[in-house]
Amino acid sequence: MGGHGGLNILPQKRWNVYNFDNREKVRRDEEQAAREEQLNREQAQKRDSEFRLHRLRAARGLEPLIPPPPSEPRSSSSSDPGHINLFEGIKIFDPIQVPQKEGPPPKKKKKEEGRPPVVVGPEDEKYRLGYGLAGKGVQLPWYVRKPPSDDSVANEGGDGVKREHTGEKKRKTIEELREERLKRERKEKDRERALRQDNLLHSRRDFSGRRRRFS
């Protein structure tokens, strides 16, 4: 279908600039633009001629062809030199009234006075407001506590002596372990030295026996 003998569908495409519809649209746009330009030119010429005529009549002292519009009478409100109220006609909100606090009715007071005091048990003590801050069942900080007595200091001193004894025992055990390790190392060295001496004696005996054979 290609080539010169094929079907040519290019003129039928809408995007083709040489299509009939596109050419007609361009022609209509050009005619509309020409008409608008002609109308603008005529209006400009008319305004120019009217301005020249007005200047000529004013130079000769004649009245203008177009009389000025009559001035509107000023209203009484505009002639008043008072301030302008921009919020005229707008409803202003009513001032907010703070409700006054009234005391409880006398009946309620009588009931509260006649009510027995509530006794809180030890199991419900922890549910009260402020429990756990500083009070019952809570240890006070060190800067609020009382200084310890001599007995407590003596007890603490005894505890310190006991700790020193335990530390000395630990040190002794460490020293004993160190001595045992040194003893083992000495025994191993002595054993190695004895083995070397035995090997040296054996080698000398073998050497002397060989010399006797060859001699």
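Going by my numbering, the sequence shown opens with residue 376, and the numbers climb by one from there.
The beta-carbon is built from N, C-alpha and C at its ideal position, and this holds for glycine as well.
These numbers come from a predicted model, not from an experiment.
Please classify residue i: is it buried, with 16 or more other beta-carbons within 10 angstroms of its beta-carbon, or exposed?
| i | result |
| --- | --- |
| residue 585 | exposed |
So, helix, strand or coil for residue i, using DSSP?
| i | result |
| --- | --- |
| residue 577 | helix |
| residue 397 | helix |
| residue 521 | coil |
| residue 388 | coil |
| residue 552 | helix |
| residue 584 | helix |
| residue 383 | coil |
| residue 415 | helix |
| residue 462 | coil |
| residue 438 | coil |
| residue 428 | helix |
| residue 557 | helix |
| residue 515 | coil |
By Cβ distance below 7 angstroms, which residues in the same chain neighbour residue i in space, the five residues on each side in sequence not counted?
| i | result |
| --- | --- |
| residue 424 | none |
| residue 561 | none |
Within the present structure, is the beta-carbon of residue i separated from the nearest heavy atom of the ligand MG by less than 8 angstroms?
| i | result |
| --- | --- |
| residue 558 | Absence of the ligand MG is noted for the structure shown, with no ligands found whatsoever. |
Leaving out the 5 sequence neighbours to the left and right, which residues in its chain are closer than 8 angstroms to residue i when beta-carbon positions are compared?
| i | result |
| --- | --- |
| residue 413 | none |
| residue 451 | The pLDDT assigned to residue 451 is 48, lower than 50, so where the model puts this residue is not dependable, and the model offers no usable value. |
Apart from the five residues just before and just after residue i, which ones in its own chain have a Cβ nearer than 6 angstroms to its Cβ?
| i | result |
| --- | --- |
| residue 575 | none |
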